[in-house]
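> Take a look at the following structure, please.
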Amino acid sequence: MTHPASAKEDRPEVLLLPGGQASITAGVLWMLATTLLFVCQDSTSRILLASYPPTEVAFARYFVHILLVASFLAWRAPRLMISRRPVLQMLRSTLLLGTTLFGLLALKVMPFLDFSAVVWVAPVLVTALSVVILGEKVSWRGWLSVFIGLAGVWVIVAEGGIHISALMLFPLLAALCNALYQIATRVLHTSDAPLTTLFYTALVGAIFCAAFLPFVGVAPKPADLALMAFLGSLGVASHFCMIRAFAAAPANVVAPFGYTALLWATLFSVVIFAEIPGVRTMIGTGLIVAAGLSIFLGPRSRRST
Numbered sequence: 019m020t021h022p023a024s025a026k027e028d029r030p031e032v033l034l035l036p037g038g039q040a041s042i043t044a045g046v047l048w049m050l051a052t053t054l055l056f057v058c059q060d061s062t063s064r065i066l067l068a069s070y071p072p073t074e075v076a077f078a079r080y081f082v083h084i085l086l087v088a089s090f091l092a093w094r095a096p097r098l099m100i101s102r103r104p105v106l107q108m109l110r111s112t113l114l115l116g117t118t119l120f121g122l123l124a125l126k127v128m129p130f131l132d133f134s135a136v137v138w139v140a141p142v143l144v145t146a147l148s149v150v151i152l153g154e155k156v157s158w159r160g161w162l163s164v165f166i167g168l169a170g171v172w173v174i175v176a177e178g179g180i181h182i183s184a185l186m187l188f189p190l191l192a193a194l195c196n197a198l199y200q201i202a203t204r205v206l207h208t209s210d211a212p213l214t215t216l217f218y219t220a221l222v223g224a225i226f227c228a229a230f231l232p233f234v235g236v237a238p239k240p241a242d243l244a245l246m247a248f249l250g251s252l253g254v255a256s257h258f259c260m261i262r263a264f265a266a267a268p269a270n271v272v273a274p275f276g277y278t279a280l281l282w283a284t285l286f287s288v289v290i291f292a293e294i295p296g297v298r299t300m301i302g303t304g305l306i307v308a309a310g311l312s313i314f315l316g317p318r319s320r321r322s323t
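Converting from the sequence shown to our numbering requires adding 18 to each position, the first position being numbered 1.
See below:
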């Protein structure tokens, strides 16, 4: 643990990133961008899963991520490839691999909107785990808001007619891995620069999926190669935004805004996958928005007094 007196000299260097004090508003905005990019990533993955196995889709996403970030760091700051907490970085990367693989398996067997609703129970898990792992305090307003948001999730799920079964383990395990991944991201912001964490994000996944590629890989079409490159670029952008979100504000404040992913998932379901939401979906998304705004406005009102 770093002693307060040495915090200044031990602070990791941040390359090409704006300075300033941590801000809840900034954290929320970064998280809102994160959720949009994640839903774009899930939508792209679902399209590719129609023609390619999950490990190949995951490899494409991770390989492009590693290629882009490693190239940038090798050019501008190779020293940022060295982590002060490499074990935690590799654990975090492994958790992302679990999130990706369980998520891709769920996408193959579930409607897009139902998948999104179950997976995005993760903010509730982050809020609860932040108390145990990070020692962060959650107010009664925060707990009430996350449970309202959780109620909204299950209102949406009920419309899809999902019943508890073995298939539900895929999105639930993806949600658990995602929650632990976000907690690890929050822990690492005090020891490593955001670009260092971004570099390690896809490392385990790229190595793991590459080992399976010779056995299950399918030669991609040129148009699909472009889509895979787009998927990897979305991965870099989304995880960079999430790293910045958890560096700017406490996990239990920004995590519930992950619920807004369901708003984007609803829109994408209509436009891309022709899944029309019903009344339950509208009620559920309304609860989710109310939960996020309650958490956001609470801290703002206390700071202004």
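All C-beta atoms, glycine included, are put in the ideal place defined by N, C-alpha and C.
Helix, strand or coil: which one does DSSP assign to H207?
Looking up residue 207 in the sequence shown gives position 189. In the structure shown, H207 sits in coil (DSSP, three-state: anything other than H, G, I, E or B).
> Rounded to whole angstroms, what is the Cα-Cα separation between F120 and F130?
Looking up residue 120 in the sequence shown gives position 102. Looking up residue 130 in the sequence shown gives position 112. The alpha-carbon atoms of F120 and F130 are separated by roughly 14 Å.
> What residue range does the alpha helix (DSSP H) around G250 cover?
Indexing the sequence shown from 1 puts residue 250 at position 232. Run containing G250: P240 to A266, per the alpha helix (DSSP H) assignment.
> Look at the alpha carbon of R103 and the alpha carbon of T117, and state the distance between them as a whole number of angstroms.
If you number the sequence shown from 1, residue 103 lands on position 85. If you number the sequence shown from 1, residue 117 lands on position 99. C-alpha separation (whole angstroms): 21 Å.
> Tell me which residues share the same chain as H83 and place their Cβ nearer than 6 Å to its Cβ, disregarding the 5 neighbours each side in the sequence.
One-based indexing of the sequence shown puts residue 83 at position 65. These residues qualify, in order along the chain: A220, G250, G253 and V254.
> Can you tell me the Cα-Cα spacing of S69 and N270, whole angstroms?
Start at 1 with the first residue of the sequence shown, and residue 69 comes out as number 51. Start at 1 with the first residue of the sequence shown, and residue 270 comes out as number 252. Distance between the alpha carbons of S69 and N270 is about 38 Å.
> Around the C-beta of Q39, are 16 or more other C-beta atoms found within 10 angstroms, so that it is buried, or is it exposed?
Along the sequence shown, read from residue 1 onward, the residue named residue 39 stands at position 21. For Q39, the predicted model reports a pLDDT of 42, less than 50, meaning its position is unreliable; a value from the coordinates is still stated below. The residue in question, Q39, is exposed, as its Cβ has fewer than 16 Cβ neighbours within 10 Å.
> If you reduce the DSSP assignment to three classes, tell me which class E27 lands in.
The residue labelled residue 27 in the question sits at position 9 within the sequence shown. The pLDDT assigned to E27 is 37, lower than 50, so where the model puts this residue is not dependable, and the model offers no usable value.
> By how many angstroms is the C-alpha of T284 removed from the C-alpha of F77?
Stepping through the sequence shown from its first residue, residue 77 is reached at position 59. Stepping through the sequence shown from its first residue, residue 284 is reached at position 266. Spanning the two alpha carbons is a distance of roughly 27 Å.
> Measuring CA to CA, which of L109, S256 and R79 is closest to A244?
Numbered from 1 along the sequence shown, position 226 holds the residue referred to as residue 244. The shortest Cα separation from A244 among L109, S256 and R79 belongs to R79.
> Closer than 7 Å by C-beta to R262: which residues in its own chain qualify, once you throw out the five before and the five after it? Chain order, please.
Residue 262 sits at position 244 when you count from the first residue of the sequence shown. Answer for R262: W48 and P212, listed in chain order.
> Taking the alpha carbon of L324 as the point to measure from, which residue in P268, V142 and V150 has its own alpha carbon closest?
As displayed, the chain neither begins before 19 nor continues past 323, which places residue 324 out of reach and without an answer.
> Are the segment 108–116 and the segment 214–230 touching by the rule of at least three beta carbon pairs closer than 8 Å?
Segments in contact, yes.
> For the segment 136–154 and the segment 295–302, state whether three or more C-beta atom pairs, one from each stretch, are separated by less than 8 Å.
Judged by Cβ distances under 8 Å, the segment 136–154 makes no contact with the segment 295–302, as fewer than three pairs qualify.
> Taking 8 Å as the limit between beta carbons, can you name the residues of its chain near P72, skipping five residues before and five after?
Residue numbering aside, residue 72 sits at position 54 when the sequence shown is read from its first letter. Within the same chain, P72 has close Cβ partners L119, L122, L123 and K126.
> Which value, in whole angstroms, describes the spacing of the CA atoms of M99 and G304?
Taking the sequence shown and counting its residues from 1, one reaches residue 99 at position 81. Taking the sequence shown and counting its residues from 1, one reaches residue 304 at position 286. Taking the straight line from one Cα to the other gives about 42 Å.
> Hey, G302 and V136: beta-carbon distance below 7 Å or not?
As a working mapping, residue 302 is identified with position 284 in the sequence shown. As a working mapping, residue 136 is identified with position 118 in the sequence shown. For G302 and V136, no; Cβs fall outside 7 Å.
> Less than 7 Å between the beta carbons of I276 and W138, yes or no?
Working through the sequence shown from its first residue, we reach residue 276 at position 258. Working through the sequence shown from its first residue, we reach residue 138 at position 120. The displayed chain sequence assigns Gly, not Ile, to residue 276. Yes, they are a contact pair.
> Alpha helix (DSSP H) containing L152: first to last residue?
By one-based count along the sequence shown, residue 152 stands at place 134. Run containing L152: none; DSSP gives neither H nor E here.
> Taking C-beta to C-beta, are T203 and F264 nearer than 7 Å?
As a position in the sequence shown, residue 203 is number 185, starting the count at 1. As a position in the sequence shown, residue 264 is number 246, starting the count at 1. Yes, Cβ-Cβ distance for T203 and F264 is below 7 Å.
> I think I166 touches I201, with their Cβ atoms under 8 Å apart; what is that distance to the nearest whole Å?
Taking the first residue of the sequence shown as position 1, residue 166 is located at position 148. Taking the first residue of the sequence shown as position 1, residue 201 is located at position 183. That belief does not hold up - the Cβ atoms of I166 and I201 are roughly 22 Å apart, past 8 Å.
> Which residues in the same chain as L54 place their Cβ atom closer than 6 Å to its Cβ, once the five residues preceding and following it in sequence are excluded?
As a first step, residue 54 is located in the sequence shown; it is residue number 36 there, counting from the start. Excluding sequence neighbours, L54 sits near W282.
> Considering W282, what are the terminal residues of the alpha helix (DSSP H) in which it resides?
As a working mapping, residue 282 is identified with position 264 in the sequence shown. Start and end: A279 to V289.
> Which whole-angstrom value is the C-beta distance of P274 and V164, which I expect to be below 8 Å?
On the sequence shown, position 256 is the one that residue 274 refers to. On the sequence shown, position 146 is the one that residue 164 refers to. Indeed they touch by this definition, with Cβ atoms about 5 Å apart.
> Give a yes or no on whether the C-beta atoms belonging to C259 and T62 are separated by under 7 Å.
As a first step, residue 259 must be located in the sequence shown, where it is residue number 241. As a first step, residue 62 must be located in the sequence shown, where it is residue number 44. Taking 7 Å as the Cβ cut-off, C259 and T62 do not qualify as a contacting pair.
> Would you tell me roughly how many angstroms separate the C-alpha atoms of L114 and A92, rounded to the nearest one?
One-based indexing of the sequence shown puts residue 114 at position 96. One-based indexing of the sequence shown puts residue 92 at position 74. Each residue's alpha carbon lies about 23 Å from the other.
> Beta-carbon separation of D140 and A197 under 7 Å?
Along the sequence shown, one-based indexing puts residue 140 at 122. Along the sequence shown, one-based indexing puts residue 197 at 179. It should be noted that the sequence gives Ala, not Asp, for residue 140. Taking 7 Å as the Cβ cut-off, A140 and A197 qualify as a contacting pair.
> Rounded to whole angstroms, what's the CA-CA distance from V87 to R97? Just pull it up for me.
For the purposes of this step, residue 87 is taken as the residue at position 69 of the sequence shown. For the purposes of this step, residue 97 is taken as the residue at position 79 of the sequence shown. Those two C-alpha atoms are separated by around 13 Å.
> Measure the C-alpha to C-alpha separation of I225 and F90 and round it to an integer number of angstroms.
Position 207 of the sequence shown, counted from the first residue, corresponds to residue 225. Position 72 of the sequence shown, counted from the first residue, corresponds to residue 90. Each residue's alpha carbon lies about 20 Å from the other.
> Is the beta carbon of L231 closer than 7 Å to that of S134?
Along the sequence shown, one-based indexing puts residue 134 at 116. Along the sequence shown, one-based indexing puts residue 231 at 213. No, they are not a contact pair.
> Sorted by chain position, which residues of the same chain lie with C-beta nearer than 6 Å to F188's C-beta, five sequence neighbours on each side aside?
Indexing the sequence shown from 1 puts residue 188 at position 170. Around F188: F120, L123 and A124.
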